[in-house]
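**Student:** Please read through the structure below; I'll follow up with questions.
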Amino acid sequence: MHEMSYIMRLAALAIEVAQENNAKRVRSIEVEVGKTSGVMPYYLHKYYPEATKGTLLEGSELVCVEVPVKALCEECNKEYLPSKENRYLCPHCGGRKAHIIAGKSVELKNVTIDD
Numbered sequence: 002m003h004e005m006s007y008i009m010r011l012a013a014l015a016i017e018v019a020q021e022n023n024a025k026r027v028r029s030i031e032v033e034v035g036k037t038s039g040v041m042p043y044y045l046h047k048y049y050p051e052a053t054k055g056t057l058l059e060g061s062e063l064v065c066v067e068v069p070v071k072a073l074c075e076e077c078n079k080e081y082l083p084s085k086e087n088r089y090l091c092p093h094c095g096g097r098k099a100h101i102i103a104g105k106s107v108e109l110k111n112v113t114i115d116d
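Under the numbering used here, think of the first position of the sequence shown as 2, with each following residue one higher.
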């Protein structure tokens, strides 16, 4: 149930952004959820109404965008999307050494406010 702590943190950040922009109401917030973050968008949506109750975000829409895993090959320095089909090896050079550069985090990307 760590999604509840994530959505509480994301809601707090979105409220901060809204307040900095003198918003009276927030229409939506957009969150990027990395494929390997361990966070399930279903539960973010489930807990969102409770996390936003009585705040500027109450009644707003939560938009979750799933971010695929992207790796950077340490052998040829090219980016790629690891997949089971290529046994998670670099498709450019067949290299085995890489590090993940996207798809691990959960981030607030946008807050849409009403004018």
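Beta carbons: idealized from backbone N, C-alpha and C, even for Gly.
Since the structure is predicted, the reported quantities are computational estimates derived from the model, not experimental observations.
Nearest-angstrom Cα distance between E33 and V107?
**Tutor:** As a position in the sequence shown, residue 33 is number 32, starting the count at 1. As a position in the sequence shown, residue 107 is number 106, starting the count at 1. In a straight line, the C-alpha of E33 is about 6 Å away from that of V107.
**Student:** Pick out whichever of A72, L109, V27 and G104 has its Cα sitting closest to the Cα of R97.
**Tutor:** As a position in the sequence shown, residue 97 is number 96, starting the count at 1. Nearest option by C-alpha distance: A72.
**Student:** Just to confirm the assignment, what range does the beta strand (DSSP E) spanning K110 have?
**Tutor:** Translated into the one-based positions of the sequence shown, residue 110 becomes position 109. Per DSSP, K110 belongs to the beta strand (DSSP E) from V107 to I114.
**Student:** Can you confirm whether the stretch 2-20 touches the stretch 45-53 when touching is taken to mean that 3 or more C-beta pairs between the two stretches lie within less than 8 Å?
**Tutor:** Short answer: they touch.
**Student:** Going by DSSP in three states, R10 sits in which element: helix, strand or coil?
**Tutor:** The residue given as residue 10 occupies position 9 in the sequence shown. Three-state DSSP puts R10 in a helix.
**Student:** Quick one: grab the DSSP three-state call for L57.
**Tutor:** Residue 57 sits at position 56 when you count from the first residue of the sequence shown. Looking at L57 - three-state DSSP - the assignment turns out to be coil, as it is neither helix nor strand.
**Student:** 7 Å is my cut-off, CB to CB: does S38 come that close to chain D?
**Tutor:** As a matter of chain content, chain D is missing from the structure shown, which is built from one protein chain.
**Student:** Any idea which residues DSSP pairs G35 with across the strands?
**Tutor:** Looking up residue 35 in the sequence shown gives position 34. According to DSSP, G35 bridges with V68.
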